[in-house]
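S.K.: Got a structure for you, questions after.
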Amino acid sequence: MALQPIRGTRDILPDESRRHRLVTETARNISARYGYAEMSTPIMEVTEVFKRTLGDTTDVVTKEMYTFEDRSGGSVTLRPEGTAGVARALISGGLSQHLPLRYYYDGPMFRRERPQKGRYRQFHQIGIELLGEPGPAADVEVIAVGARILEMLGLKDKIKLEINSLGDTESRSSYRQVLVDYFGDHKGDLSEDSQTRLRKNPLRILDSKDEGDRKIVANAPVFSDSFTAEAKDFFAAVCEGLDDIDVAYTLNPRLVRGFDYYCLTAFEFVTDQLGAQGAVIAGGRYDGLVEVMGGPATPGVGFAGGIERMALLLDEDPVSSRPIAVVPVSAAQMREAIKLAESLRRAGLNIKLDLRGNLKKRLIRASRDNASVAVLIGEDELARGEATVRDLDSGDQQTVALDKLAADLLRFS
RNA sequence: GCGGGUGUAGCUCAACGGCAGAGCGCCAGCUUGUGGUGCUGGAUGUUGGGGGUUCGAUUCCCCUCACUCGCCCCA
């Protein structure tokens, strides 16, 4: 059997690559407008980095990480997400001296899940992190960046924003207890999945798709009942801030986050067009994270977005720039063609030069490559110090002096 | 990890258990200094892999791999 890529990994060929690039460039540019500077952390980290931060009971940590022993004996893990690495970098680099910090990143992440549409074992995320800002304005800013990226990508109509508050640490643990008590009373009626959730992550039951569960959930106590006054005010301020800058959202009291480090604001930009994979960009506040990793207590907010998911939602292929084909009429002009191509490239033009083939084949390839113009040089042209410039869309052609060629070709780019 | 569906040419897909096909694409010619449209001709398959039933398997059965949909989880 022919060699295949590892399950859940894929080759990203040029067409798809362009889509990915459009996503990352848009995200990077929009983030930069808000002051987020690009950084990147290693793809591998010491396993502890993820184990400590994501939560020992989450599926990602218990079943989905690519963890292996390094030759020196230490346990190493391919990153399943980006935030933990940034937090680790903050600590390792002593960056907390310079708070607040705004970072943008993109790159591959790895989770050993069952592949599905928009879900791969090696997938790619963009993300931003705002560290050292405790106030609700920070949450608003981060959400705005996400909203604006999606807008710029033309995805506004396909995606809606849902937000919720998980309460501060204090509210969260009291709510958790209230919830465990409530669901404990209905344990017999819960689905099998939810019974294990009750043990591992009771908040998740709120998000269950099981119909029976939903009935029980409908009457379950909600987060806000357990909020401290501070948590309540904080969430109100976030909502108000979003209203002020016209970021539309809906409240979803059942919105929960997967990783333990989240608190207060949680948000998801969701779509119904990717089957079971609804979340396109998701994030929230994670005030306890840096401290859990052994650093100074540092508030943080951020999000991660799935590049494949955004690329899948893009309506049309991003246009790629059209090359100009340099075409020697016969093999005798090949050396001149190489020299010409080189000088045009140095003038900033996008030149396609086939390394072999006759005139006919070269022109076929030129139109296949979507070239806008073919620059033909044959014996006659060279004798006069000219080239024939053929517009491949209209078929019109004219001769142009070689020393004016670069300037003339600009009208096609 | 659990459940369902699908694997046939480069791509999209046909073929009652009986000679593996079509469209697109590709190659060549019509056209020896001119592509895209047109016409003519041509090449291409271990039917995902392995095993079984059968005189005979692309077709039926089992295993396996991959893809896909849902669950779980998540971006």
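Just so we're aligned, residue 45 is where the first sequence starts under our numbering, counting upward by one.
All residues carry an ideal CB built from backbone N, CA and C; glycine is no exception.
1) Look at the Cβ atom of Glu-386, then the Cβ atom of Leu-426, and state whether they are nearer than 8 Å.
2) Mind checking who Asp-435 pairs with in its DSSP beta bridge?
3) Does the separation of the CB atoms of Phe-456 and Val-417 fall below 8 Å?
4) Decide if Gly-142 is buried, meaning its Cβ has at least 16 other Cβ atoms within 10 Å, or exposed.
5) According to the Cβ coordinates, are Ser-397 and Val-370 closer than 8 Å?
6) Answer yes if the stretch 352-362 comes into contact with the stretch 62-76, meaning at least three C-beta pairs across the two stretches below 8 Å, and no otherwise.
7) Classify Met-83 as helix, strand or coil using the three-state DSSP reduction.
8) Could you please give the first and the last residue of the uninterrupted alpha helix (DSSP H) stretch that includes His-64?
9) Once DSSP output is grouped into helix, strand and coil, what is the label at Gln-317?
10) According to the neighbour-count rule (16 or more other Cβ atoms, all chains shown, within 10 Å of its Cβ), is Val-282 buried or exposed?
11) Who are the near neighbours of Gly-99 in its chain, counting only those whose CB is closer than 7 Å to its CB and skipping five residues on each side?
12) Residue ranges of each beta strand (DSSP E) run of no fewer than 3 residues wholly in the stretch 285-350, ordered along the chain?
13) Quick test of your reading: Ala-81 and Tyr-164, contact by CB under 8 Å. State the CB separation rounded to the nearest angstrom.
14) Starting from the C-beta of Lys-107, find all residues in its chain whose C-beta is less than 8 Å away, skip the five residues before and the five after it, and write them out in chain order.
15) How about Ser-209 and Leu-286: are their beta carbons less than 8 Å apart?
16) Using C-beta distances below 7 Å, list every residue in its chain close to Leu-407, excluding the 5 sequence neighbours before and after it, in chain order.
17) Among Ile-172, Arg-241, Tyr-306, which residue has its Cα nearest to the Cα of Asp-103?
18) Can you name the start and end residues of the alpha helix (DSSP H) that Tyr-219 belongs to?
19) So, is Val-443 buried or exposed, given that buried needs 16 or more other C-beta atoms within 10 angstroms?
20) Please classify Gln-221 as buried or exposed, where buried requires at least 16 neighbouring CB atoms within 10 angstroms.
21) Does the pairing of the stretch 64-79 with the stretch 88-99 give three or more beta-carbon distances under 8 Å?
22) Starting from the C-beta of Glu-113, find all residues in its chain whose C-beta is less than 7 Å away, skip the five residues before and the five after it, and write them out in chain order.
23) Would a C-beta distance cut-off of 8 Å place Ala-348 and Gly-327 closer than the cut-off?
24) In whole angstroms, what is the alpha-carbon distance linking Thr-97 and Ser-84?
M.R.: Taking the geometry as given:
1) Mapped onto the first sequence, residue 386 falls at position 342. Mapped onto the first sequence, residue 426 falls at position 382. Cβ distance not < 8 Å, so Glu-386 and Leu-426 don't count as in contact.
2) Position 391 of the first sequence, counted from the start, is the residue given in the question as residue 435. According to DSSP, Asp-435 bridges with Val-417.
3) Start at 1 with the first residue of the first sequence, and residue 456 comes out as number 412. Start at 1 with the first residue of the first sequence, and residue 417 comes out as number 373. Taking 8 Å as the Cβ cut-off, Phe-456 and Val-417 qualify as a contacting pair.
4) Numbered from 1 along the first sequence, position 98 holds the residue referred to as residue 142. With the sequence shown as reference, residue 142 is identified as His, and Gly is not the correct amino acid for it. By the neighbour-count rule (16 or more Cβ atoms within 10 Å), His-142 is not buried but exposed.
5) Position 353 of the first sequence, counted from the first residue, corresponds to residue 397. Position 326 of the first sequence, counted from the first residue, corresponds to residue 370. Checking the sequence shown, residue 397 turns out to be Leu, not Ser. Contact flag set, yes.
6) yes
7) Position 39 of the first sequence holds residue 83. Note: Met-83 maps to coil in three-state DSSP.
8) Your numbering for residue 64 matches position 20 in the first sequence. That run of the alpha helix (DSSP H) goes 58-77.
9) For the purposes of this step, residue 317 is taken as residue 273 along the first sequence, with counting starting at 1. Three-state result, Gln-317: coil.
10) Position 238 of the first sequence, counted from the start, is the residue given in the question as residue 282. Classification of Val-282: buried, given that the 10 Å Cβ count is 16 or more.
11) Position 55 of the first sequence, counted from the start, is the residue given in the question as residue 99. Cβ within range, chain order: Val-105, Phe-303, Asp-304.
12) 307-315, 323-329, 344-350
13) Position 37 of the first sequence holds residue 81. Position 120 of the first sequence holds residue 164. The pair is not a contact, with the Cβ atoms about 28 Å apart (cut-off 8 Å).
14) Mapped onto the first sequence, residue 107 falls at position 63. Closer than 8 Å at Cβ, skipping near neighbours: Arg-156.
15) Locating residue 209 in the first sequence gives position 165, where the first residue counts as 1. Locating residue 286 in the first sequence gives position 242, where the first residue counts as 1. Not a contact, by the Cβ cut-off of 8 Å.
16) As a working mapping, residue 407 is identified with position 363 in the first sequence. If we look at Leu-407 and ignore the five residues flanking it on each side, its Cβ neighbours are Val-371, Ala-418.
17) Position 59 of the first sequence holds residue 103. When each option's Cα is compared against that of Asp-103, the closest is Arg-241.
18) Numbered from its first residue, the first sequence carries residue 219 at position 175. Taken as a continuous stretch (DSSP letters only), the alpha helix (DSSP H) holding Tyr-219 covers 213-229.
19) Here residue 443 refers to the residue found at position 399 when the first sequence is read from its first residue. According to the sequence provided, residue 443 is Thr. The question's Val does not apply to it. Exposed.
20) For this step, residue 221 is matched to residue 177 along the first sequence. Under this definition Gln-221 is an exposed residue.
21) no
22) Mapped onto the first sequence, residue 113 falls at position 69. These residues qualify, in order along the chain: Ser-119.
23) By 1-based counting over the first sequence, the position of residue 348 is 304. By 1-based counting over the first sequence, the position of residue 327 is 283. In contact: Ala-348 and Gly-327 (Cβ atoms closer than 8 Å).
24) The count along the first sequence starts at 1 and reaches residue 97 at position 53. The count along the first sequence starts at 1 and reaches residue 84 at position 40. Approximately 19 Å, taken between the alpha carbons.
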